[in-house]
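Input: a single structure, listed below in structure tokens.
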Amino acid sequence: WVEKVRAIVLAGGYAKRLWPLTLDRPKPLLPLGDGCILDFVISRIRHVNEISEIIISTNRRFESNFIEWVKERGYADITVLPEASTREEEKLGPINAVWSIVKERPDDYLIVAGDNLFSADLKEMVSFYKKVKAPTLALYEISDRELAKQYACVELDENACIINFEEKPSEPKSLLVSTGIYVLPWRSISRMHEYLAEGNPPDPIGKFIEWLTRTEAVYGFKFKGYWYDIGSHESYRSAQEAFRRMSFKNK
Numbered sequence: 082w083v084e085k086v087r088a089i090v091l092a093g094g095y096a097k098r099l100w101p102l103t104l105d106r107p108k109p110l111l112p113l114g115d116g117c118i119l120d121f122v123i124s125r126i127r128h129v130n131e132i133s134e135i136i137i138s139t140n141r142r143f144e145s146n147f148i149e150w151v152k153e154r155g156y157a158d159i160t161v162l163p164e165a166s167t168r169e170e171e172k173l174g175p176i177n178a179v180w181s182i183v184k185e186r187p188d189d190y191l192i193v194a195g196d197n198l199f200s201a202d203l204k205e206m207v208s209f210y211k212k213v214k215a216p217t218l219a220l221y222e223i224s225d226r227e228l229a230k231q232y233a234c235v236e237l238d239e240n241a242c243i244i245n246f247e248e249k250p251s252e253p254k255s256l257l258v259s260t261g262i263y264v265l266p267w268r269s270i271s272r273m274h275e276y277l278a279e280g281n282p283p284d285p286i287g288k289f290i291e292w293l294t295r296t297e298a299v300y301g302f303k304f305k306g307y308w309y310d311i312g313s314h315e316s317y318r319s320a321q322e323a324f325r326r327m328s329f330k331n332k
């Protein structure tokens, strides 16, 4: 079961909260350590033997930045696919962007947000996915209830099956949050078409996952260690700090 999996890195945002840093550079290409955020994300994806292709989903405005990055790194297995927008107001939303990619390429998918720094072992996550044979999300326990309100909060049963999924709850029932890393079988990801046809919001991906949990079993893969969701100047600074400490330790 599951011979090959394609990976999609979500990099279609305009990151207004990080202006001026992201005015003419996409967030995943912001410097980090000796490279950039995307170098880190790709190195994590490369741990997974089942990956047959990596697709970067971006927008027209930043398409050339990513093509340039792929060329510089000499990656032959990475494709850059843009949606039609050139500014925030025109954005199709990640669910539309992903659907436009996957409908031409029926496969199982590992989807990773391109502004994510995490210690999750994606190889282990894919093995877990092969066991449960169902949509799987990477989950991380945070310690701050206020912060939890910005994320999708998840409750699991004893088999790690999701029994409650709430996108940005005003009263979080759990501090276990979804980190923007998903493994989805074709039979589930192909339902994006049905989700969009019902007039559901195309943003964020969590809305689609929440919708899926109502009709099929979706599992949570918990990881410990670190997770930085780079959405603000502050979180970018703490990620850079942590990264400096880590590379110092690894030397």
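Plus 81 on top of the position in the sequence shown (first one is 1) and you've got my numbering. Heads up, the beta-carbon is just placed ideally off N, CA and C, and yes, glycines get one too.
**Request:** State the CB to CB distance for the pair residue 93 and residue 194, rounded to an integer number of angstroms; the pair is presumed to be in contact (CB under 8 angstroms).
**Result:** Going by Cβ atoms, the distance from residue 93 to residue 194 rounds to 10 angstroms, so no, they are not a contact pair.
**Message:** Going by DSSP in three states, residue 221 sits in which element: helix, strand or coil?
**Reply:** strand
**Request:** Output yes or no for whether 9 angstroms exceeds the beta carbon distance between residue 191 and residue 86.
**Result:** yes
**Item:** Three-way DSSP call (helix, strand, coil) for residue 87 in this model
**Value:** strand
**Message:** Under 8 angstroms, with one C-beta from each stretch per pair, do the segment 306 to 325 and the segment 241 to 253 reach the 3-pair mark?
**Reply:** no
**Request:** Specify the secondary structure class of residue 294 as computed by DSSP and reduced to three states.
**Result:** helix
**Request:** Within its chain, find whatever has a CB closer than 6 angstroms to the CB of residue 128; leave out the 5 residues flanking it on each side and keep chain order.
**Result:** 203 and 204
**Item:** Under the three-state DSSP convention, the category residue 100 falls into
**Value:** coil
**Asked** Comparing alpha-carbon positions, which option in 301, 169, 232 and 247 lies nearest residue 241?
**Response** 301
**Request:** Would you give the residue range spanned by the beta strand (DSSP E) that residue 73 belongs to?
**Result:** Here the chain has residues from 82 to 332 only, and residue 73 is not among them.
**Message:** As an exercise, report each continuous alpha helix (DSSP H) stretch of at least 4 residues that is fully enclosed by the segment 221 to 253, in chain order.
**Reply:** 226 to 229
**Prompt:** How is the beta strand (DSSP E) around residue 263 delimited, first residue to last?
**Reply:** 257 to 265
**Asked** Looking at the unbroken beta strand (DSSP E) that takes in residue 307, where does it start and where does it end?
**Response** No beta strand (DSSP E) contains residue 307, which DSSP labels as neither H nor E.
**Rounded C-alpha distance that separates residue 169 from residue 96** = 9 angstroms
**Asked** Who are the Cβ neighbours of residue 66 in its own chain at under 8 angstroms, not counting the five residues just before and after it?
**Response** The structure shown has nothing for residue 66, since the chain only spans 82 to 332.
**Item:** contact_flag[the segment 218 to 226, the segment 147 to 164] where n(CB pairs < 8 angstroms) is 3 or more
**Value:** no
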